[in-house]
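Position 82 of the sequence shown, counting from 1, maps to 82 under UniProt numbering, and the rest follow consecutively.
Here the structure is laid out as structure tokens; the discussion comes afterwards.
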Amino acid sequence: MYRDTEENIEQFFGISNEQYDHFLDAIVRHKERRIGRLKNILVRRELLLPGYELEFVAETNTLGPYQVFWKVKKGGQMAISKDCNGRWF
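If you want it as structure tokens, here you go:
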């Protein structure tokens, strides 16, 4: 059964200051072999099937200290079955 667990950023955190730059990407691996960068895979419209691993890379020139949080935003059957869509971790 699907539960709408969407959590909006405004509920938890302040909005980031636009004077700072942020970069986010992920390194994609399958069976310990590096496949490439997520942004390039998405541009080519390739699918990531179950079993792929994502190692996220975040860069910013924001003055510290700060914390980094990840949000799961996926509407597929796996996200529904694991009840994790739209949640912050």
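Where a beta carbon is used, it is the ideal one built from N, C-alpha and C, also for glycine.
Query                                                                                                            : Result
Could you tell me the distance, in whole angstroms, from the CA atom of residue 41 to the CA atom of residue 63? : 31 Å
Taking the alpha-carbon positions, what's the residue 56 to residue 77 distance?                                 : 22 Å
Between the Cα of residue 53 and the Cα atoms of 31, 43, 44, 60, which residue gives the shortest distance?      : 31
Please state whether DSSP places residue 39 in a helix, a strand or coil.                                        : helix
How about residue 39 and residue 25: are their beta carbons less than 8 Å apart?                                 : yes
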